[in-house]
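Peer 1: Residue numbers (this note's numbering): 5 to 494.
Just so you know, even glycine gets a beta-carbon here, dropped at the ideal spot from N, CA and C.
This is the structure:
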């Protein structure tokens, strides 16, 4: 990533380490020599004060002091001579005492070296930084008088500090480059461990914007990032649940709207169909009633005919209203269904006997195929309604040979009843609609026998209340309607 946190942190930390190394190199190169000279000067003064104190107390020749002095001079790389006023050497750790003394005398009295720099000057001693012309090296020199009248001459080299500074700077450069590289690797690895969880959280948040809630943060500890990840997991679960609830509510709302629209359309269709079905009988009743009132035909036969028409149309309207009430109760579920075990053959025989007169009037023969009792579980009264509708339709539409065949076909768990009548087949495009309310295949003929297109709708509603199937199929010379009932209690 171009602007990744890992890259930025790594660059910042490398800059800090490199800057620290460069700062150390600068300080080392500019201030170390001055610090070293100051340190050497302090060492010379400490040594002078130690000798001055011991000489005042007359302990300068004691063995323990000499050992301590020798140790101090050796550790601090100090060459020193103590001489009396008559130039007698009282102490020396210098190999060439004459040359050492001559150099100091030149330094004290002649000041022949232009590079000499006075560092400290008191009434008792003087500290100078000078250069050895023979060896071409810098050194610090201290000369002064002790309290017992002797003179002290001390010198320590400072030329080595320049070489030490160069070596230290070279070493620091190697160490600094190595430190920068190692630091870069360590910082990169460490920052990757820190930023990887953040990148994982960024990926999870990106997926959440696309409503993908499957990704979950895998916690590795209890730091701030892990707590953030846990909270994102909780937020993801709550968002998923909330969106699911919103979708469910939205789906229910859509279904409610569709149901409302469907109910509204059904209501409009129902009002239209009922109005259409009642329009003709009401018009007939009104017309014949007005005829009676106006005494259009005053003879008894005409009045009786008018009354019969009025009664017939009123009966049709009564049947229509009853059928509508029955269908409404079935569809709304308010009609109670009482399941009981009864003999289906007995019910069939009852319906056949009830329609015998109507068959005789239309010269229709009827045969029953089925033997013995067939016990089923259903609502006996509603089963009788289904059979009555099927056989009544068969009687009204029977043609040709005018035969009706009622078949009872037992199965493993169900019993099927089929009612066949000879006559014309139902057009294929009409088969799916015959179960709808007020739908009539042959409207003129339906009107002729007083049908209103509700009978098969009642059959369908009854069978749905039984949770069983019903149907129709065309045969070569007629039509078969069928339905099934449970033959077992479960």
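I need the straight-line Cα distance from residue 60 to residue 29, nearest angstrom please.
Peer 2: Locating residue 60 in the chain shown gives position 56, counting from the first residue. Locating residue 29 in the chain shown gives position 25, counting from the first residue. Roughly 46 Å separates the two Cα atoms.
Peer 1: Measuring alpha carbon to alpha carbon, tell me which residue in 468, 42 and 410 is nearest residue 373.
Peer 2: Position 369 of the chain shown, counting from 1, holds the residue named residue 373. Cα-wise, what sits closest to residue 373 is 410.
Peer 1: Hey, could you find the ends of the alpha helix (DSSP H) residue 435 is sitting in?
Peer 2: Residue 435 sits at position 431 when you count from the first residue of the chain shown. Careful: residue 435 lies outside any alpha helix (DSSP H) and carries neither H nor E.
Peer 1: Kindly confirm or deny that the segment 43-63 and the segment 79-97 touch, where touching means at least three C-beta pairs closer than 8 Å.
Peer 2: Contact holds: three or more Cβ-Cβ distances are below 8 Å.
Peer 1: Output the boundary residues of the alpha helix (DSSP H) element that contains residue 459.
Peer 2: Counted from its first residue, the chain shown places residue 459 at position 455. 459-470 is the span of the alpha helix (DSSP H), which, as asked, contains residue 459.
Peer 1: Tell me the residue span of the alpha helix (DSSP H) that contains residue 386.
Peer 2: Taking the first residue of the chain shown as 1, we reach residue 386 at position 382. Per DSSP, residue 386 belongs to the alpha helix (DSSP H) from 384-401.
Peer 1: Considering only the beta carbon of each residue, do residue 148 and residue 128 sit closer than 8 Å?
Peer 2: Position 144 of the chain shown, counted from the first residue, corresponds to residue 148. Position 124 of the chain shown, counted from the first residue, corresponds to residue 128. In contact: residue 148 and residue 128 (Cβ atoms closer than 8 Å).
Peer 1: Alpha carbon to alpha carbon, how far is residue 160 from residue 69? Give it in angstroms, no decimals.
Peer 2: Start at 1 with the first residue of the chain shown, and residue 69 comes out as number 65. Start at 1 with the first residue of the chain shown, and residue 160 comes out as number 156. Cα-Cα distance, rounded: 20 Å.
Peer 1: With a cut-off of 8 Å on the beta carbons, I'd call residue 419 and residue 491 a contact; round off their distance for me.
Peer 2: As a working mapping, residue 419 is identified with position 415 in the chain shown. As a working mapping, residue 491 is identified with position 487 in the chain shown. Residue 419 to residue 491, Cβ: 5 Å. Contact.
Peer 1: Restricting to Cα atoms, I'd like to know which of 369, 194 and 485 is closest to residue 429.
Peer 2: Taking the chain shown and counting its residues from 1, the one referred to as residue 429 is at position 425. The shortest C-alpha separation from residue 429 is found at 485.
Peer 1: According to DSSP, is residue 141 part of a helix, a strand, or is it coil?
Peer 2: Walking along the chain shown from the start, residue 141 turns up at place 137. Correct three-state label for residue 141: strand.
Peer 1: Would residue 406 and residue 368 be called neighbours here (beta carbons separated by less than 8 Å)?
Peer 2: Locating residue 406 in the chain shown gives position 402, where the first residue counts as 1. Locating residue 368 in the chain shown gives position 364, where the first residue counts as 1. Yes. Within cutoff.
Peer 1: With residue 395 and residue 341 assumed to form a contact (beta carbons below 8 Å), what rounded beta-carbon distance in angstroms separates them?
Peer 2: Here residue 395 refers to the residue found at position 391 when the chain shown is read from its first residue. Here residue 341 refers to the residue found at position 337 when the chain shown is read from its first residue. Not a contact, Cβ separation roughly 22 Å.
Peer 1: Indicate the three-state DSSP secondary structure (helix, strand or coil) for residue 416 in the structure shown.
Peer 2: What you label residue 416 is simply residue 412 of the chain shown in a count that begins at 1. If DSSP states are grouped into helix, strand and coil, residue 416 belongs with coil.
Peer 1: Nearest to residue 14 by CA position, among 144, 191, 265 and 441, is which residue?
Peer 2: To locate residue 14, count along the chain shown from 1; it is residue 10. Of the candidates 144, 191, 265 and 441, the one whose C-alpha sits nearest the C-alpha of residue 14 is 191.
Peer 1: Could you tell me whether the Cβ atoms of residue 162 and residue 144 are closer together than 8 Å?
Peer 2: Stepping through the chain shown from its first residue, residue 162 is reached at position 158. Stepping through the chain shown from its first residue, residue 144 is reached at position 140. Closer than 8 Å, so yes.
Peer 1: By Cβ distance, which residues of its chain are closer than 6 Å to residue 25, with the 5 residues on each side in sequence left out?
Peer 2: Walking along the chain shown from the start, residue 25 turns up at place 21. Cβ neighbours of residue 25 beyond the five flanking positions: 180.
Peer 1: Can you tell which of 76, 58 and 204 has its C-alpha closest to the C-alpha of residue 3?
Peer 2: Nothing can be reported for residue 3: it is not among the residues displayed for the chain, which extend from 5 to 494.
Peer 1: Please report the distance separating the alpha-carbon of residue 345 from that of residue 387.
Peer 2: For the purposes of this step, residue 345 is identified with residue 341 of the chain shown, where counting begins at 1. For the purposes of this step, residue 387 is identified with residue 383 of the chain shown, where counting begins at 1. Rounded to the nearest angstrom, the two C-alpha atoms are 12 Å apart.
Peer 1: Where do the N-terminal and C-terminal ends of the beta strand (DSSP E) with residue 75 fall, by residue?
Peer 2: In the chain shown, the residue the question calls residue 75 occupies position 71. Premise fails: residue 75 lies in the alpha helix (DSSP H), 67-80, not in any beta strand (DSSP E).
Peer 1: Residue 404 and residue 481: beta carbons closer than 8 Å?
Peer 2: Counted from its first residue, the chain shown places residue 404 at position 400. Counted from its first residue, the chain shown places residue 481 at position 477. Contact flag set, yes.
Peer 1: Just to check my reading of the structure: residue 380 and residue 398 have Cβ atoms closer than 8 Å, yes? What is that Cβ distance to the nearest angstrom?
Peer 2: In the chain shown, residue 380 corresponds to position 376, counting from 1. In the chain shown, residue 398 corresponds to position 394, counting from 1. Not really, about 21 Å apart at Cβ, beyond 8 Å.
Peer 1: Whole angstroms is fine: what's the gap from residue 211's alpha carbon to residue 187's?
Peer 2: Within the chain shown, residue 211 is the residue found at index 207, counting from 1. Within the chain shown, residue 187 is the residue found at index 183, counting from 1. C-alpha separation (whole angstroms): 35 Å.
Peer 1: For residue 96, write down the residues that DSSP places opposite it in a beta bridge.
Peer 2: The count along the chain shown starts at 1 and reaches residue 96 at position 92. Residue 96 pairs with 85.
Peer 1: Bridge partners of residue 4, per DSSP?
Peer 2: Residue 4 is absent from the model: the chain starts at 5 and stops at 494.
Peer 1: Excluding sequence positions up to five away, which residues of its chain have a Cβ less than 7 Å from the Cβ of residue 98?
Peer 2: Taking the chain shown and counting its residues from 1, one reaches residue 98 at position 94. The residues are 83, 85 and 104.
Peer 1: Any idea if residue 471 is buried or exposed, counting beta-carbon neighbours within 10 angstroms, 16 or more meaning buried?
Peer 2: Locating residue 471 in the chain shown gives position 467, counting from the first residue. It counts as exposed.
Peer 1: Could you check the C-alpha separation between residue 304 and residue 298 for me, to the nearest Å?
Peer 2: Within the chain shown, the letter at position 300 stands for residue 304. Within the chain shown, the letter at position 294 stands for residue 298. Straight-line Cα distance between these residues: approximately 14 Å.
Peer 1: Considering Cα atoms alone, identify which of 438, 348 and 462 is closest to residue 389.
Peer 2: Working through the chain shown from its first residue, we reach residue 389 at position 385. Measuring from the Cα of residue 389, the nearest candidate turns out to be 462.
Peer 1: Tell me whether the beta-carbon of residue 184 lies closer than 8 Å to the beta-carbon of residue 21.
Peer 2: Numbered from its first residue, the chain shown carries residue 184 at position 180. Numbered from its first residue, the chain shown carries residue 21 at position 17. Closer than 8 Å, so yes.
Peer 1: Using the Cβ count rule (16 or more neighbours within 10 Å means buried), how would you classify residue 311?
Peer 2: If you number the chain shown from 1, residue 311 lands on position 307. Classification of residue 311: exposed, given that the 10 Å Cβ count is below 16.
Peer 1: Between the alpha carbons of residue 102 and residue 23, how many angstroms are there, rounded?
Peer 2: By 1-based counting over the chain shown, the position of residue 102 is 98. By 1-based counting over the chain shown, the position of residue 23 is 19. Approximately 52 Å between the Cα atoms of the pair.
Peer 1: Helix or strand or just coil, what does DSSP make of residue 40?
Peer 2: As a first step, residue 40 must be located in the chain shown, where it is residue number 36. If DSSP states are grouped into helix, strand and coil, residue 40 belongs with the helices.
Peer 1: Tell me whether residue 196 sits in a helix, a strand or coil according to DSSP, three-state version.
Peer 2: Here residue 196 corresponds to residue number 192 of the chain shown, with the count starting at 1. Residue 196: helix per DSSP, three-state reduction.
Peer 1: Please check the pair residue 366 and residue 401, which I expect to be a contact at CB under 8 Å, by giving their CB distance rounded to whole angstroms.
Peer 2: Within the chain shown, the letter at position 362 stands for residue 366. Within the chain shown, the letter at position 397 stands for residue 401. Not a contact, Cβ separation roughly 11 Å.
Peer 1: Considering only the alpha carbon of each residue, which of 417, 157, 477 and 205 lies closest to residue 56?
Peer 2: For the purposes of this step, residue 56 is taken as residue 52 along the chain shown, with counting starting at 1. Minimum Cα distance to residue 56 is reached at 157.
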